[in-house]
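Chains as they are written, first to last, in our numbering: chain L, 1 to 543; chain Z, 544 to 690; chain Y, 691 to 1006. All residues carry an ideal CB built from backbone N, CA and C; glycine is no exception. Contents: one structure, followed by commentary.
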Amino acid sequence: MSREIWEKKLKNCKERDFKFKTVSGISVKPLYTPDDCEFFDYERDLGYPGEFPFTRGVYTNMYRGRLWTMRQFSGFATPKDTNRRYKYLLKHGQTGLSVAFDFPTLYGRDSDDPFSRGEVGKCGVAVDTLRDMEIIFDGIPLDRISTSMTINPPAAILLAMYIAVGEKQGVPAHILTGTIQNDMLKEYQAQKTWIYPPEPSMRIITDILEYCSENVPKWNTISISGYHIREAGSTALQELAFTLANGFTYVEYGIKRGLEVDKFAPRLSFFFNSHLDFFEEIAKYRAARRIWARMMRDKYNAQNPRSFLMRFHTQTAGCTLTAQQPENNIVRTAFQALAAVLGGTQSLHTNSMDETYALPTEKAVKIALRTQQLIAYETGVPNTIDPLGGSYYIETLTNELEKGAYEYFKKIEKFGGVLPAIEKGFFQQEISRSAYKYQRALEKKERFQVGINIFEEDKPADIEILKIPPEVERNQIKKLKEVKSERNNRKVKETLRLLLKAARDGDNLMPRILDCVRVYATIGEICNTLKEEFGEYQEPIIF
Amino acid sequence: MDKKIRVLVAKPGLDGHDRGAKVVAAALRDAGMEVIYTGLHQSPESIVEAAIQEDVDVIGLSILSGAHMTIFPKVLSLLKKKNAQKIIVIGGGIIPADDMKKLKKKGVKKLFGPGAPTTEIITWLKENVKPGKKKRAQTRKKNNKGL
Amino acid sequence: MKPAAKFFKDILKGDKSAVARAITIVENDSDYTLLKKLFPFSGRAYYIGITGPPGAGKSTLVNAIAKLFLKRKKRIGIIAVDPTSPFSGGALLGDRVRMADLALNKNVFIRSMASRGSLGGLAKKTKDAALVLDAAGMDYILIETIGVGQVELDIAQVCDTTLVVLVPESGDSIQAMKAGLLEIGDIIVVNKGDREGCERLIMELKFAFDLRNQLPGWSYPIVKTIATEGYGIEQVVSRIEAHQAYLNKTGKFEVLRKEHLFSRINELIEEKIKNKLRRRLKSQPELKKIIDDIYSRRRNPFDVAENLLKDSGIVP
C-alpha cells in the first residue's frame, strides 16, 4: 500500500478534538516515516555511543557498564536530622548524596538573621558554620561517596566547608568527588536565588573553576541547570536553549580568564528536568548532547574529547505533581524517570508523591527511589543503548529541538550575550509568558492534567505529611551562638579582612574563603563581607 | 467612574518561586483588576506598608517556602496594628490542610491550594470584594462576615 | 471629632492610610467635594515629572532622587503611572519593586496608578492624586510616566520641572524627538551611561538642542547617570534645584503655575461637557436609527453633532 492511499484513508478517519502539540508547541503529525528523516546522516548526526556527536550517549557502553547514579535530593531541619536521613537512603541502596539546604543558607544568611524568620530548616538543612557540615557528614566517608550540593551564590563557601570536612576525615581535596550547582545565570533567569549582581557572581564562579582545576580536579564545578528554568514555566525548547547558552557563557568566561578550555570544560556538568511530554523530553537530552559536542569542538576549539561530553543529572518535574490524588504522582514520576533513562541520564532524582504538600516523608521517598530501581532492575530498559535511536519520531523531534535552540542562540546573541539579555529581562519574559500560556491551556482544557482538569475528585487527599517543628529554628540559633562563643573571634575577623582584601584586589577568593570556614566564620559573615565589595542584586520586574 | 479591584500580589519568604505569583498577577490583570506586584523576598512589614499606601482591597500572598505559619500571622497582626484590617488577606502555595485551617481561624480569608485554576481565584475575588467601597465605619462588620 | 473631620485632618497631617484613602476617592469618584476642601492647603509642593520610554530606568532614577531628597529631610510623594491593558481594563503595576528601599521610610509615600484609558482622564486623575499629596504636606512630588503619547505629555504639564530619561539604545532618541518628548524636558537624563552608544546619544541631543530656541538663563542640561549605582544623581538633583532657582528668579514660576491652573480649568470644563454630551448622546432614544441613517448616508455626522450641541444649550 502506498503512502497516498494511507493518507487518503486517514483523511476519512475521525480525529479526537484535541490539539496535537508537544509542550514546546511543536505540531505532532499522526505518523513519522523515513520521509521525515530525509536529510539525515547516521554517522554525522547520530554516530555511536561515546563517539562524536554523542547523540546516542556519552559513554561507549552506557548502562551495560554502570547504571545511572540514584541520587535523591534531600535535607531538612537540623544537620543531625539530615545525617540520619542520608544514612537511611544509603542503607536502601542510594548511591550518591544530594544536599538540599534551607533558604537562609541558599541566600547566604545565618539562622539568626531577621530575614531567616520562619525559614530555618524548612526546605532543606540549615548550615551556618563548618560545625553543621561536620554533623551532616558524620560517619559518611567522603572518599567513598560522591556528594552533590544544590547551592549557588554561596557555592564557594559550601565547597570550602566540604573540603574542610574532608581534611578532618583525612580525605585530601584532590580525591573528593561531587558537584556544586554554582550556576548563577539560571538564578537570574528563573530560580531567583541571588546575592550579588551578575558580574561579581561570574567572577566568583570563574574563581571556583580556576581553583578546582588545580586543587579539586574530580569536582564538577558547575551544574548548568535547566531544571529551574523549566520549573519556572519554560518549554522544553527554552530549557534546552537557555541552559546550553548559559553553559557556553561559562566556557567563555573561563577562556577569558586565561584558563585552558580542555582543563575546565570536562568538569562542567548539566542538570535537566524531565517533564510530561515523554518523547519530547527524550529528544531534548539527545539534542543537548549533540549541540554541546558540536559547539565545544567547532566554536570553542576544545581538543579533549571529554570536553565534548554533556553529562547530566535529571530530576523529574516537581511542577507537574498535583496535590489532588497524590498517589498519581508516583505514576507521573515513573514515566518521567523512564524518559530520563531513555534519554541517557548519568544520575537521577525521582520526586516523591507528597511534595506538593511538604518535604517528603521516609515512606514517600523510598517509593520514589524504588521507582528508579524498578526501571533499572525489572524493565529491561537499560539493556541496550539508546533504544529509541532511529525512531522516526524521536529523530525528527531531536532535529527540530536542535534547530529551535540555534534560533534562540541567535536571539540571545542579538542582545550581546546572556548577561545583557538577563539585564533586558529577555529570559524572564520568555519564561513567564510560557508559564502563563501553559496555565491558560490547562484552564481552556487544551492540555490535561489528571485530577486538575479531568477526572477530578472532590475527596481531599489522605496523606501523611512531614512536619518541621518550630523548635528547629530555636535550636539551630542556639547552636550557632555556641559555635560563636567557642571559636577564636580574633582569627575570624582577620580571615574576613583578608577575604575583603582579596575581593578588592581581584585575587582568587577560594583560598581566602577556605581560611574563613576553617576558623568557623559563618556563611552570613562571609557573604556580608563580600557584599561590601560586590553590592546586592536588584530584580528587574518582567511579566 | 469605573472602580477597579486593587490587589497587592506579594511574594514573601525567601524562595524565588514566583511562577505562581506572576501567573496569578497576569490573570488578575486580564480579568480587569489592578495588580500591584511587589517582587520577591518581601518582609511582612513592607507588604503591609505597600498595601496601605496603595489602598488595595486585597493582599494576595504566595508562599512556597514553608514559612506560611510565620508570615501570614505576622501580616495579619501588622494590618491590625495599623488599623487596616479591612484589607482582605488571601494566599496560595504549598500549605498543608491543617495549617490552612489554622490560618483561616487567624483571619486569612481564603487559601488556594496547588492546582487551583486562576478562574477560581478571579471568581472568588469578584464575589467577595467590593472595590474602593470599604469605609471606615464598616470595618468591623466586614471583618466579622467571614466566608 | 466626627469621622469625616478626622479623616480630613489626617490627610493634612500626612497620615498614610488617610492619604491613600483620599487618593482612591479622587481616583474613583467624579465628585470634587474632597478636592475642593483640600485645594486651599495645596500649592506648597514642588512638582517634578519623570518621563521616558519603557526600560529607561525611570523607577530606579526616581528611587535614587528620592533618597537624596530624604537626606535633606524632605518629604516625598511618588506617583508611578503605568498603562492599563486596553483589552481587559486591568493593569500590572510593578514600579514599587524598584523602590523597595524607600518602602518603609516614614517620609515617603508611593502610589501606583493605572492609566485606565484616556476616557477616564488619566492626566486629570494624576493631578488630583498629586493635589492630595501636596495638601498632605509633601515637599516634593515625583510623577513617573511612560513617555509615549499625548496623555503623558499632559501630565508633564502639571510639573514645575520635567526630566526626560533616555538610554543609549538605537532609535530611542529619534523616537523621543518624534513623540515630542524633548520639547517638554527641562532636563535630559541619559541613564545607563556606562552603555555603548552613550556619548553618541549625548552628541545627538546636544545637536537637537542647538536647533531649539534656547531660553535666556536656562540651557537644557544633559546629565549622564547610572541610576543603579547612584552615579550622577547628585548632579540631577542640583540641576533640578538650579531649574527651580531659575524659575523663581525670572518670575517664571508664577507664570508657569498660572498657566497650569488655566489649563486645569480648561480640562475640568472639557471633562464636564464631554461627559454630559456623551451621556446625552447615549440616551438619545433614536441613536441607533440616527447611526443607521448616517451609515446609509441619509444624514451626516456633522449636522448631528451640531444639533446635539445646540440642544444641550452649551453652544448657541
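How long is the line joining the alpha carbons of Val578 of chain Z and Ala819 of chain Y, rounded to whole angstroms? Mapped onto the second sequence, residue 578 of chain Z falls at position 35. Mapped onto the third sequence, residue 819 of chain Y falls at position 129. Going by the C-alpha atoms only, they are around 18 Å apart.
Distance check for Gly739 of chain Y and Asn797 of chain Y, CA to CA, integer angstroms please. Sequence index remark: in the third sequence, residue 797 of chain Y carries index 107 (1-based). Sequence index remark: in the third sequence, residue 739 of chain Y carries index 49 (1-based). Between Asn797 of chain Y and Gly739 of chain Y, the C-alpha separation is close to 19 Å.
Gly608 of chain Z at chain L interface by Cβ criterion, 8 Å: Taking the first residue of the second sequence as 1, we reach residue 608 of chain Z at position 65. Here the sequence assigns Ser to residue 608 of chain Z, which means Gly is not the residue at that position. Yes, contact with chain L.
In the DSSP assignment, find the unbroken alpha helix (DSSP H) run with Met295 of chain L in it and report its ends. In the first sequence, residue 295 of chain L corresponds to position 295, counting from 1. Note, Met295 of chain L: alpha helix (DSSP H), 278-298.
Unbroken stretches of the beta strand (DSSP E), 3 residues or longer, contained in the segment 581-665 of chain Z: 601-606, 631-636, 653-655
Note down the Cα distance separating Leu809 of chain Y from Gly656 of chain Z, rounded to an integer number of angstroms. Translated into positions along the third sequence, residue 809 of chain Y becomes position 119. Translated into positions along the second sequence, residue 656 of chain Z becomes position 113. At Leu809 of chain Y, the pLDDT of 48 sits below 50, so the modelled position is not reliable and the matter cannot be decided from this model.
For Gly742 of chain Y, which beta-bridge partners are listed by DSSP? Within the third sequence, residue 742 of chain Y is the residue found at index 52, counting from 1. For Gly742 of chain Y, which the question treats as bridged, DSSP gives the partners Y:Ile836.
Bounding residues of the alpha helix (DSSP H) (the contiguous stretch that carries Gln94 of chain L): For this step, residue 94 of chain L is matched to residue 94 along the first sequence. Gln94 of chain L -> no alpha helix (DSSP H), and no H or E assigned at all.
Thr396 of chain L in three-state terms, based on DSSP: Within the first sequence, numbered from 1, the residue matching residue 396 of chain L stands at position 396. Note: Thr396 of chain L maps to helix in three-state DSSP.
Cutoff 6 Å; reference Gln169 of chain L; Cβ partners in own chain excluding five residues on either side: Within the first sequence, the letter at position 169 stands for residue 169 of chain L. For Gln169 of chain L, where only same-chain residues beyond five positions count, the Cβ hits under 6 Å are Leu142.
How would you list, in chain order, the residues of chain L whose beta-carbon sits under 9 Å from the beta-carbon of Ile614 of chain Z? Mapped onto the second sequence, residue 614 of chain Z falls at position 71. Result: Arg117, Gly118.
Terminal residues of the continuous alpha helix (DSSP H) containing Ile563 of chain Z? Position 20 of the second sequence, counted from the start, is the residue given in the question as residue 563 of chain Z. The question names Ile, yet the displayed sequence has Gly at residue 563 of chain Z. Element bounds for Gly563 of chain Z: 562-573.
Do you know whose CA, among L:Lys87, L:Ser391, L:Ala337, L:Lys14, lies nearest Leu46 of chain L's CA? Within the first sequence, numbered from 1, the residue matching residue 46 of chain L stands at position 46. It is L:Ser391.
How about Leu500 of chain L and Glu532 of chain L: are their beta carbons less than 8 Å apart? Position 500 of the first sequence holds residue 500 of chain L. Position 532 of the first sequence holds residue 532 of chain L. Yes.
Terminal residues of the continuous alpha helix (DSSP H) containing Gly247 of chain L? Residue 247 of chain L sits at position 247 when you count from the first residue of the first sequence. 236-256 is the span of the alpha helix (DSSP H), which, as asked, contains Gly247 of chain L.
Within chain Z, the residues that Gln324 of chain L reaches when beta carbons sit closer than 9 Å: Mapped onto the first sequence, residue 324 of chain L falls at position 324. Result: Gly656, Pro657, Gly658.
Can you find the residues in the same chain that come closer than 6 Å, C-beta to C-beta, to Leu977 of chain Y, ignoring five residues on each side of it along the sequence? Taking the first residue of the third sequence as 1, we reach residue 977 of chain Y at position 287. None.
Out of Z:Lys669, Z:Glu597, Z:Ile602, which has the shortest C-alpha to C-alpha gap to Gly635 of chain Z? The residue you call residue 635 of chain Z lines up with position 92 of the second sequence. Per the Cα distances, Z:Ile602.
Please tell me whether Val566 of chain Z has its Cβ less than 8 Å away from any Cβ of chain L. The sequence position of residue 566 of chain Z within the second sequence is 23, counting from 1. Output row for Val566 of chain Z: interface = yes.
Residue from L:Gly389, L:Arg71, L:Leu309 with nearest C-alpha to Arg294 of chain L: Residue mapping note: residue 294 of chain L aligns to position 294 of the first sequence, counting from 1. Comparing Cα positions, the closest option is L:Leu309.
Excluding the 5 residues preceding and the 5 following Leu244 of chain L in the sequence, name in chain order all residues of the same chain whose CB lies nearer than 7 Å to its CB. On the first sequence, residue 244 of chain L is found 244 positions in, with the first residue counted as 1. Excluding sequence neighbours, Leu244 of chain L sits near Ala288, Ile291, Trp292, Ala405.
Report yes or no: do the segment 261-268 of chain L and the segment 211-225 of chain L share at least 3 C-beta pairs separated by less than 8 Å? yes
Measuring only the C-alpha atoms, how far is Gly535 of chain L from Tyr196 of chain L? Taking the first residue of the first sequence as position 1, residue 535 of chain L is located at position 535. Taking the first residue of the first sequence as position 1, residue 196 of chain L is located at position 196. Each residue's Cα considered, the two are about 6 Å apart.
Ile833 of chain Y and Ile892 of chain Y: beta carbons closer than 8 Å? Your numbering for residue 833 of chain Y matches position 143 in the third sequence. Your numbering for residue 892 of chain Y matches position 202 in the third sequence. The answer is no: Cβ separation not under 8 Å.
Take every Cβ of the segment 324-344 of chain L, pair it with every Cβ of the segment 371-388 of chain L, and state whether three or more of those distances are shorter than 8 Å. yes
Mapping the DSSP letters down to three states, classify Lys699 of chain Y as helix, strand or coil. Position 9 of the third sequence, counted from the first residue, corresponds to residue 699 of chain Y. Lys699 of chain Y: helix per DSSP, three-state reduction.
Quick one: complete beta strand (DSSP E) runs, 3+ long, within the segment 890-940 of chain Y? 912-914
In whole angstroms, give me the CA-to-CA distance for Gln974 of chain Y and Lys815 of chain Y. In the third sequence, counting from the first residue as 1, residue 974 of chain Y sits at position 284. In the third sequence, counting from the first residue as 1, residue 815 of chain Y sits at position 125. Roughly 29 Å separates the two Cα atoms.
Taking only beta-carbon atoms, is Thr662 of chain Z less than 8 Å away from chain L? As a position in the second sequence, residue 662 of chain Z is number 119, starting the count at 1. Judged by the 8 Å Cβ criterion, Thr662 of chain Z is in contact with chain L.
Looking at the strands, I want to know which residues DSSP matches up with Asp772 of chain Y. Within the third sequence, the letter at position 82 stands for residue 772 of chain Y. In DSSP, Asp772 of chain Y forms a bridge with Y:Ala804.
Near-chain Y residues of the segment 512-539 of chain L - C-beta to any C-beta below 9 Å: Gly535, Gln538, Glu539
Pair every Cβ in the segment 421-435 of chain L with every Cβ in the segment 93-103 of chain L, then say whether three or more of these pairs are closer than 8 Å. no
What's the gap between the Cα of Ser749 of chain Y and the Cα of Ser720 of chain Y? Indexing the third sequence from 1 puts residue 749 of chain Y at position 59. Indexing the third sequence from 1 puts residue 720 of chain Y at position 30. Approximately 29 Å between the Cα atoms of the pair.
Give a yes or no on whether 8 Å exceeds the smallest Cβ distance from Pro639 of chain Z to chain L. Counting from one through the second sequence, the residue named residue 639 of chain Z turns up at place 96. Yes, its Cβ sits closer than 8 Å to a Cβ of chain L.
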